[in-house]
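First to last, the protein sequences are chains B and A. UniProt numbering numbers the first residue of the first sequence as 1 and each following residue consecutively. UniProt numbering numbers the first residue of the second sequence as 1 and each following residue consecutively. Report on the structure given below.
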Amino acid sequence: MTDPVLSARGLVKRYGRVTALDRCDFDLMPGEILAVIGDNGAGKSTLIKAISGAVIPDAGEIRLEGRPVRFASPIEARQAGIETVYQTLAMSPALSIADNMFMGRELRCSGIMGTLFRRLDRRAMEAFAREKLNDLGLMTIQNIAQPVETLSGGQRQGVAVARAAAFGSRLIILDEPTAALGVKESRRVLDLILDVRARGLPIILISHNMPHVFEVADRIHIHRLGRRLCTIRPADHSMSDAVAFMTGARTPPDVMEAA
Amino acid sequence: MSSQAEPTEDFEGIAARAPNRHAAFQPHRKGAMGRAHDLLHATPALVPMIVLIAAVAVFGLVLGGKFFSPFALTLILQQVQIVGVLAAAQSLIVLTAGIDLSVGATAVFCSVIMGKLVFDVGLPAPLAVLAGLIAGTAIGGLNGWLVSRVRLPPFIVTLGMWQIVLAATYLSSGNETIRAQDIEATAPFLQFLGGKLQLGGATLTFGVILMLLLVLVLAYALRSTAWGRHVYAVGDDPEAAALAGVDVHRTLMSVYLLVGLICALAGWVMIGRFGSVSPSATTGVIGNIQSITAVVIGGISLFGGRGSILGAFFGALIVGVFELGLRMAGANPQWTFLLIGALIIGAVAVDQWIRKVSA
Ligand SMILES: Nc1ncnc2c1ncn2[C@@H]1O[C@H](COP(=O)(O)OP(=O)(O)O)[C@@H](O)[C@H]1O
Ligand SMILES: [Mg+2]
Chain B
1 MTDPVLSARG LVKRYGRVTA LDRCDFDLMP GEILAVIGDN GAGKSTLIKA
51 ISGAVIPDAG EIRLEGRPVR FASPIEARQA GIETVYQTLA MSPALSIADN
101 MFMGRELRCS GIMGTLFRRL DRRAMEAFAR EKLNDLGLMT IQNIAQPVET
151 LSGGQRQGVA VARAAAFGSR LIILDEPTAA LGVKESRRVL DLILDVRARG
201 LPIILISHNM PHVFEVADRI HIHRLGRRLC TIRPADHSMS DAVAFMTGAR
251 TPPDVMEAA
Chain A
1 MSSQAEPTED FEGIAARAPN RHAAFQPHRK GAMGRAHDLL HATPALVPMI
51 VLIAAVAVFG LVLGGKFFSP FALTLILQQV QIVGVLAAAQ SLIVLTAGID
101 LSVGATAVFC SVIMGKLVFD VGLPAPLAVL AGLIAGTAIG GLNGWLVSRV
151 RLPPFIVTLG MWQIVLAATY LSSGNETIRA QDIEATAPFL QFLGGKLQLG
201 GATLTFGVIL MLLLVLVLAY ALRSTAWGRH VYAVGDDPEA AALAGVDVHR
251 TLMSVYLLVG LICALAGWVM IGRFGSVSPS ATTGVIGNIQ SITAVVIGGI
301 SLFGGRGSIL GAFFGALIVG VFELGLRMAG ANPQWTFLLI GALIIGAVAV
351 DQWIRKVSA
């Protein structure tokens, strides 16, 4: 059996009296789309934040390609090639689309303007941002310099997904990336996710949309009460099975595939 | 795939047949108001600039050549140089959604340190200035550490620091003024920024030039470097900035350290402007309010992340124009305060309007 790209064992995260992660295990296999489903408050966002360095777990171990890692910040996870679309999107509303796409990894002009005066290469950043948004097909761009706050919720989500897809080199995490999107925009994001997998990158997809999950996921991690309840293959179960497991209406069969 | 997935194909099929337009960036507001809104959104320094030009024009028309002369206009620059430098510092803090009540006190404290080190310790003046700049930077750093690491509200941290620095100034100096003649005789370098350049009727002091350079350099750094973008992002939404890969602590520390340094520079500008070193200079008590006034009139949002430092500079100039213009017109100085008060409220109302965006 192949080794997971990313695995976690016994992750614990407490917020005061709330235990968001309760000895949670997690495995992501090479090149797969792993969906994570679970009720609101089950701890899905906390799990992916622990993986992406946004939250430091109280206990437990995370391994990236077999090596233990301890990300102290999202910057460190990003440097390791983990790119995340957070549920809150993590954008600065007053700054432009291009500024947001390059936040924390800005391009500088070449030559003395870049080295001495540290001048941003606006033109290159805007061209890149425009290209990535066009690739995504989510929007026709009129003004890449317009502030993100003038975009609709769906457009913002599109920018956040484009940012992750453009920069991810090891794996991509998407926390409810289609929650604010219309039917066609969701389709684009799903196609993009499939594109990314075709490039060989594994993806973690958190979603409440069962048809989407069952359409694109290779495996489904069902999260319940702060931990992994089970992992299923979409081919082996129906959507109502999955919902029954995640809400606790039914217990999953004990015999589960490993990992 | 399970049978329940079937319906997806259906409605997405219908959607796919719809005309292929989606989520385009349409200009969503039409009309003059909408365009004005977009313009102000992109260029927040526009309002104070218009007010400044209008104020100069009105006073120029009423007072004629007396006001509208190189001498009077550069006199305004000289009169606002201290507040102008402090406003540059205050702008940085306000952009991070903070406020700094200690800027004026820090400036006075640093000027006293510069004077004391020359006259009591016998340090050469350039070293004393350097020590003053370091002291200011350290005060800024302490503020920044308390705000960023200990997570105390900037208002409280700097309210405390204001009192501490003010008291330290009096305690360390015994409230003794170092006279201008003594400085001129012993350490003229302390007064360096008071040096004058005559260009026709215009008089520029080195302090004024320092203020102009400072504003231009900061405007460039805020607009065209990654650091500047991070300052805005942190002021806008620190959590989002952190998730997007900005080192929020480092950004805040850099801002507070820089602000401390700029306040110390303001202290040096004070020695140039007054010639003397006075622990009881009014800047220590009202410098904070003066700089906040300039920043607010300049259209920088007190909620952080919006506005430009040029706006704050225009704000400082507006106050200077009103003061000199009304004095020349022989009006009661209270009119200045009344008008400035109205401008403050007007500026905040405009800011609220600018921030209101219909997506
Ligand atoms: N920053 C936080 N502070 C306090 N409690 C939190 C915080 N983040 C999450 N929680 C709590 O942890 C639990 C799991 O939250 P979350 O991971 O967001 O769940 P999900 O994404 O599955 O809806 C919830 O009970 C939530 O209230
Ligand atoms: Mg969540």
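Here a beta-carbon is modelled for each residue, glycine too, at the ideal position from N, C-alpha and C.
Segment limits, beta strand (DSSP E) that includes residue i
i	result
Cys24 of chain B	18 to 28
Thr203 of chain A	202 to 205
His221 of chain B	219 to 224
Lys196 of chain A	196 to 199
Val69 of chain B	67 to 69
Inter-residue Cα distance where the pair is residue i and residue j
i	j	result
Gln90 of chain A	Val83 of chain A	10 angstroms
Tyr15 of chain B	Gly31 of chain A	50 angstroms
Ser7 of chain B	Leu28 of chain B	6 angstroms
Leu213 of chain A	Arg227 of chain B	57 angstroms
Met328 of chain A	Phe59 of chain A	9 angstroms
residue 262 of chain B	Val148 of chain B	Nothing about residue 262 of chain B can be read from this structure; chain B reaches only from 1 to 259.
Ala221 of chain A	Trp227 of chain A	7 angstroms
Ala36 of chain A	Leu171 of chain A	52 angstroms
Leu142 of chain A	Ile93 of chain A	14 angstroms
Gly320 of chain A	Ile183 of chain A	28 angstroms
Thr115 of chain B	Ala90 of chain B	29 angstroms
Val18 of chain B	Gly41 of chain B	10 angstroms
Ser96 of chain B	Leu339 of chain A	35 angstroms
Gly311 of chain A	Ile297 of chain A	8 angstroms
Ile112 of chain B	Leu265 of chain A	28 angstroms
Leu210 of chain A	Val103 of chain A	17 angstroms
Pro238 of chain A	Val248 of chain A	7 angstroms
Arg108 of chain B	Ser52 of chain B	26 angstroms
Val129 of chain A	Phe117 of chain B	26 angstroms
Ala35 of chain B	Phe109 of chain A	60 angstroms
Phe128 of chain B	Glu106 of chain B	12 angstroms
Residue burial classification, residue i (beta-carbon count within 10 angstroms, cutoff 16)
i	result
Tyr232 of chain A	buried
Leu61 of chain A	exposed
Arg229 of chain A	buried
Arg123 of chain B	exposed
Ala219 of chain A	buried
Thr137 of chain A	buried
Arg306 of chain A	buried
Phe245 of chain B	buried
Of the residues the options, the one placed nearest residue i, counting alpha carbons only
i	options	result
Ala105 of chain A	A:Thr282, A:Leu39, A:Ala219, A:Phe68	A:Thr282
Gly144 of chain A	A:Leu258, A:Lys356, A:Gly330	A:Leu258
Met239 of chain B	B:His223, B:Pro253, B:Glu215	B:Glu215
Gly272 of chain A	A:Val157, A:Val350, A:Ile113, A:Gly195	A:Gly195
Ile173 of chain B	B:Leu151, B:Arg197, B:Ser186, B:Val183	B:Arg197
Ser173 of chain A	A:Met33, A:Arg149, A:Lys116	A:Lys116
Ala72 of chain A	A:Asn175, A:Gly325, A:Gln290, A:Val150	A:Gly325
Ile82 of chain B	B:Arg118, B:Val5, B:Asn100	B:Val5
Asp22 of chain B	B:Gln146, B:Asp3, B:Gly60	B:Gly60
Thr205 of chain A	A:Gly235, A:Gln79, A:Trp353	A:Gln79
Gln352 of chain A	A:Trp335, A:Phe303, A:Asn288	A:Phe303
Gln181 of chain A	A:Leu243, A:Phe274, A:Met33	A:Phe274
Ala97 of chain A	A:Ser278, A:Met114, A:Val285, A:Val295	A:Val295
Rounded distance between the beta-carbons of residue j and residue i, thought under 8 angstroms
i	j	result
Ile204 of chain B	Glu176 of chain B	That pair is no contact at about 12 angstroms.
Val118 of chain A	Leu190 of chain A	7 angstroms
Ile99 of chain A	Ile292 of chain A	7 angstroms
His223 of chain B	Gly43 of chain B	6 angstroms
Arg219 of chain B	Glu32 of chain B	6 angstroms
Gly140 of chain A	Leu261 of chain A	7 angstroms
Ala41 of chain A	Ile354 of chain A	The sequence as given places His at residue 41 of chain A; Ala does not occur at that position. The pair is a contact, with the Cβ atoms about 6 angstroms apart (cut-off 8 angstroms).
Leu136 of chain B	Gly153 of chain B	With a Cβ gap of about 16 angstroms, Leu136 of chain B and Gly153 of chain B do not count as contacting.
Pro279 of chain A	Thr169 of chain A	5 angstroms
Segment limits, alpha helix (DSSP H) that includes residue i
i	result
His230 of chain A	226 to 236
Cys263 of chain A	248 to 274
Ile62 of chain B	Where Ile62 of chain B is concerned, there is no enclosing alpha helix (DSSP H), although the beta strand (DSSP E) it sits in stretches over 59 to 64.
Ala10 of chain B	Reading the sequence as shown, one finds Gly at residue 10 of chain B and not Ala. Premise fails: Gly10 of chain B lies in the beta strand (DSSP E), 6 to 15, not in any alpha helix (DSSP H).
Ala35 of chain B	Element bounds for Ala35 of chain B: not the alpha helix (DSSP H) but the beta strand (DSSP E), 33 to 38.
Asp195 of chain B	183 to 198
Cys110 of chain A	103 to 119
Glu83 of chain B	Element bounds for Glu83 of chain B: not the alpha helix (DSSP H) but the beta strand (DSSP E), 82 to 85.
Asp135 of chain B	122 to 136
Subject >> Heavy atoms of ligand 3 versus C-beta positions, residues under 5 angstroms >> reply: Of the ligands this structure carries, namely ligand 1 and ligand 2, none is ligand 3.
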